[in-house]
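Protein chains in written order, with this note's numbering: chain G, 148 to 260; chain D, 11 to 125.
In this text, a Cβ means the ideal position worked out from N, Cα and C, and glycines have one as well.
None of these values were measured; they are calculated from a predicted model.
Right, one structure below, let's go through it.
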Amino acid sequence: DAMVIQNPRYQVTQFGKPVTLSCSQTLNHNVMYWYQQKSSQAPKLLFHYYDKDFNNEADTPDNFQSRRPNTSFCFLDIRSPGLGDAAMYLCATSRDRRPAELFFGSGTQLSVL
Amino acid sequence: GESVGLHLPTLSVQEGDNSIINCAYSNSASDYFIWYKQESGKGPQFIIDIRSNMDKRQGQRVTVLLNKTVKHLSLQIAATQPGDSAVYFCAENRRSGGSNYKLTFGKGTLLTVNP
């Protein structure tokens, strides 16, 4: 089945140690998103790619970076994780720039020790 | 701050009853509104959307109502089942600059279905 796959499901890192989260999609969608979701809160958009065009949200910290080497893959890099970065990170895709139906992966739960 | 919010953080209903989840929004420029369901340990799942020029849309067991006069959105679930237990988010889609659009989620409502 076509889907959005996130790896790993759980990630533990140390304070200040760079970490990369991965997302792949078999839907061939143009747009890929990264959301951060903290406990009992709504998902918050960090940035998105429309094809290779990167769009950063104004309030996304510089500590968060992203790469999209091809249509299928997108990575979230956290350069120096802090305790406040512990959260669920959700990858999503949509066919076009005007999203209604986003297709989400199951997320990566990041813990920072 | 967020422009989409929910009236109640939790809702508990009996199996078989109808559920109504409410949402208020403040941005009149939104193109359309969407409801997502998030089960524990999973990503949000699209339920239904409604364009800003509509006031009602029906799906399978779900109905979304949009009242633009009072900027209110609701999700009605008919004959609620245990599998409907989840957090429900309303979200709005509006232009964020250039040709980009942004989907902003409101705070969730936890729906618990009692057998």
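The C-beta of Gly231/G comes no closer than 7 Å to any C-beta of chain D. When the beta-carbon positions are compared, Asn110/D and Tyr42/D stay at least 7 Å from each other. Among the bridge pairs identified by DSSP, Arg61/D is matched with Tyr42/D. DSSP places Asn203/G inside the beta strand (DSSP E), whose first and last residues are Asp200 to Asn203. Close to chain D, meaning a Cβ-Cβ distance shorter than 7 Å, are the following residues of the stretch 181-213 of chain G: Ala189, Pro190, Leu192 and Asn202. In the displayed model, Asp94/D falls within a helix according to three-state DSSP. If you draw a 10 Å sphere on the C-beta of Ser29/D, you find 16 or more other C-beta atoms in it, and that means buried.
Taking 7 Å as the cut-off, the beta carbon of His195/G is found closer than this to the beta carbon of Tyr180/G.
When only Cα atoms are considered, Arg214/G and Leu223/G end up about 7 Å apart. In this chain, Met150/G is not harboured by any beta strand (DSSP E), its DSSP state being neither H nor E. Under DSSP, Glu102/D takes part in a beta bridge, and its partners are Phe43/D and Thr114/D.
For Ser38/D, the closest C-alpha among the options Asn124/D, Thr79/D and Ile87/D is that of Thr79/D. With a cut-off of 8 Å on Cβ pairs, the stretch 65-77 of chain D is not in contact with the stretch 199-219 of chain G, counting fewer than three such pairs. Linking Gly254/G to Gly231/G through their CA atoms gives a straight-line distance of about 17 Å. Residue contact with chain D for Gly252/G: present (Cβ-Cβ distance below 7 Å to some residue of chain D). Neighbourhood of Tyr111/D in chain G, by CB distance below 8 Å: Arg244, Arg245 and Pro246, in chain order. Residue Phe220/G holds the alpha-carbon nearest to the alpha-carbon of Asp198/G among Phe220/G, Val159/G, Leu168/G and Ala233/G. One alpha carbon belongs to His176/G, the other to Val159/G, and they sit about 29 Å apart.
Against chain D, the beta carbon of Leu237/G has neighbours under 7 Å at Gly53, listed in chain order. Residue burial is scored here from C-beta neighbours: Ser22/D has fewer than 16 other C-beta atoms within 10 angstroms and is therefore classed as exposed.
Within chain G, the residues Gln188 and Ala189 have their CB atoms less than 8 Å from the CB of Lys117/D, given in chain order. By the beta-carbon neighbour count (other beta carbons within 10 angstroms, threshold 16), Pro19/D is exposed.
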